[in-house]
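Everything on this sheet refers to the single structure shown next.
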Amino acid sequence: MRFSFRIRSPERDETTDEFRFEAILRAIRKEIAGVETESAGLRARCEAARCSASFAFEALDYENSVEMETRIRSLSETLLQGERRLEELERQSRFLNQLEAEVLDFRSDAFAIRHPALNSRIASSLPNR
Numbered sequence: 010m011r012f013s014f015r016i017r018s019p020e021r022d023e024t025t026d027e028f029r030f031e032a033i034l035r036a037i038r039k040e041i042a043g044v045e046t047e048s049a050g051l052r053a054r055c056e057a058a059r060c061s062a063s064f065a066f067e068a069l070d071y072e073n074s075v076e077m078e079t080r081i082r083s084l085s086e087t088l089l090q091g092e093r094r095l096e097e098l099e100r101q102s103r104f105l106n107q108l109e110a111e112v113l114d115f116r117s118d119a120f121a122i123r124h125p126a127l128n129s130r131i132a133s134s135l136p137n138r
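Using this note's numbering, count along the sequence shown one by one with no gaps and you end on 138.
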């Protein structure tokens, strides 16, 4: 009895891998854009809340009321929550950008392994630094 198996061609493997890397990169980039959009919107809302708090604080000099003090406290708490969220979004952004860089490095390394001759020609054509 003879055993044999077939494997895909290196070209097909490379195409499959490239599609995989591109799908991962698209997902990461989509999330980076989402974080940026959320951050921009939240920054704008925080700035508007700062302005409202500032006006409310000024009004407190002229109209010392429990309602105004409550409004200022509420705006302050909202601003603190917004700042905490912005910090978390910044942390997510750093993570996603690092993840993107890791995928790009991994993909580049995979290319170099598959194409050592081409890779050495490219490297030799670069200016010395």
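Heads up, the beta-carbon is just placed ideally off N, CA and C, and yes, glycines get one too.
Query, Result
"DSSP-derived helix/strand/coil call for I37", "helix"
"Cβ contact (3+ pairs, closer than 8 Å) linking the segment 46 to 65 and the segment 17 to 35", "no"
"Given 8 Å, three or more beta-carbon pairs between the segment 103 to 119 and the segment 31 to 38", "yes"
"Among Q101, I122, F115, nearest to T46 - alpha-carbon criterion", "Q101"
"Span of the alpha helix (DSSP H) around S117", "75 to 123"
"Proximal residues to T87 (C-beta, below 7 Å), its chain only, five neighbours per side dropped", "A58"
"F28 (DSSP reduced to helix, strand or coil)", "helix"
"V75, buried or exposed, once every other Cβ within 10 Å from all chains shown has been counted against 16", "exposed"
"Where F64 sits in the DSSP three-state scheme", "helix"
"Nearest candidate by alpha-carbon position, reference E31, set P125, F115, I122", "F115"
"V112 beta carbon less than 7 Å from that of I3", "Given a span of 10 to 138 for the chain in the structure shown, any question on residue 3 remains unanswerable."
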